[in-house]
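Peer 1:
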Ligand code: ATP
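Next comes the structure, spelled out in structure tokens:
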């Protein structure tokens, strides 16, 4: 479904990704793991059209998307749920959700989707008129996820959905993401917690200093000596 071939991405003189190739099949949950600065966020930003490529190509359903704008990529069905609390802090919960649907014309369907989200995440319904910046960290993360669902994407890119959250809230967030996948949306997720990321994925890629150094099923990665030593505490 999504294919990254030999991507190179630079920030000025800094090469953040070098020759990165990654594939995600329809219906899969694939994770990107690696230390701080390995290039995980850069990979997601390159996919969603926020960064230009210095080399390589990205295709989605066989169609080249590298070079397209973020808006065009969203319209094709790839939503980006960014790192941390990137909700619109001065807008209400409802307005944030409406922003997620800004490309859609069918307002009845948009309302229906909002209802479905509120059914699944009743906490957001209770806070529908609350200013997003005053929500707790976990609620803001839920809102960010809900906002990305509002475009009815076929694939969602999640950037560190557990960042800064307490373990019990993290568990809820991961359950929401697994639900999203179960309902048929393909997921590519960046996650620093390697154990959780390998536990819940179909397949995973390990990035180190801008290169893919290992990949495999969650099980294969959990059993890999290098992965165990460097990322799972031996
Ligand atoms: P983190 O978990 O810390 O976000 P990451 O694996 O997502 O790490 P990236 O944020 O993709 O890593 O960063 C990859 C490399 O690119 C790092 O060396 C980083 O310092 C560099 N980098 C990222 N953004 C910029 C920028 N705007 N300008 C210059 N260098 C950048």
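Residue numbers (the working numbering): 2 to 235. Virtual Cβ for every residue (Gly too), placed ideally from N, Cα, C.
Ignore the nearest five residues each way along the sequence and tell me which others in residue 202's own chain have a CB closer than 7 Å to its CB.
Peer 2: Closer than 7 Å at the Cβ level, and outside the excluded window around residue 202, lie 30, 31, 32, 219.
Peer 1: According to DSSP, is residue 131 helix, strand or coil?
Peer 2: Looking at residue 131 - three-state DSSP - the assignment turns out to be coil, as it is neither helix nor strand.
Peer 1: Can we say the region 50-66 touches the region 224-232, given the rule of at least three CB pairs closer than 8 Å?
Peer 2: Output reads no: the region 224-232 does not touch the region 50-66.
Peer 1: Only counting the same chain, and skipping five residues up and downstream in sequence, which positions put a Cβ closer than 7 Å to that of residue 28?
Peer 2: Excluding positions up to five away in sequence, the list reads 185, 187.
Peer 1: Mind checking whether the beta-carbon of residue 194 lies closer than 6 Å to any heavy atom of ligand 1?
Peer 2: Incorrect: residue 194 has no Cβ contact closer than 6 Å to ligand 1.
Peer 1: Along the chain, where does the alpha helix (DSSP H) containing residue 221 start, and where does it finish?
Peer 2: 219-223 is the extent of the alpha helix (DSSP H) around residue 221.
Peer 1: What's the gap between the Cα of residue 113 and the Cα of residue 123?
Peer 2: Cα-Cα distance, rounded: 15 Å.
Peer 1: Can you tell me whether residue 41 is buried or exposed? The criterion is at least 16 other CB atoms within 10 Å of its CB, across all chains shown.
Peer 2: Looking at its Cβ environment, which holds 16 or more other Cβ atoms inside 10 Å, residue 41 is buried.
Peer 1: For residue 157 versus residue 80, is the C-beta spacing smaller than 7 Å?
Peer 2: For residue 157 and residue 80, yes; Cβs fall inside 7 Å.
Peer 1: Taking the DSSP output, what are the residues bridged to residue 202?
Peer 2: Bridge partners of residue 202: none, in fact.
Peer 1: Please state the DSSP three-state secondary structure of residue 184.
Peer 2: Coil at residue 184, not helix or strand.
Peer 1: Which of the three DSSP states is assigned to residue 178 in this structure?
Peer 2: In this structure, residue 178 counts as helix in the three-state DSSP scheme.
Peer 1: Using 8 Å for Cβ pairs, my map puts residue 166 next to residue 139. What's the rounded Cβ distance?
Peer 2: With a Cβ gap of about 5 Å, residue 166 and residue 139 count as contacting.
Peer 1: Short check: CB of residue 146 to CB of residue 177, under 7 Å?
Peer 2: Cβ atoms of residue 146 and residue 177: closer than 7 Å.
Peer 1: Given a threshold of 16 other Cβ atoms within 10 Å of its Cβ, counted over all protein chains shown, does residue 67 qualify as buried or as exposed?
Peer 2: With 16 or more Cβ atoms within 10 Å of its Cβ, residue 67 is classed as buried.
Peer 1: So, under 8 Å CB-CB, residue 148 and residue 100 are touching, yes? Tell me the CB distance rounded to an integer number of Å.
Peer 2: Right, the Cβ-Cβ distance comes to about 7 Å (below 8 Å), so this counts as a contact.
Peer 1: When DSSP labels each residue in this structure, what does residue 36 get in the three-state scheme?
Peer 2: Residue state, collapsed to three classes: coil.
Peer 1: For residue 50, I'd like the list of residues in its chain whose CB is within less than 6 Å of its CB, leaving aside the five on either flank, ordered along the chain.
Peer 2: For residue 50, where only same-chain residues beyond five positions count, the Cβ hits under 6 Å are 69, 70, 71, 74.
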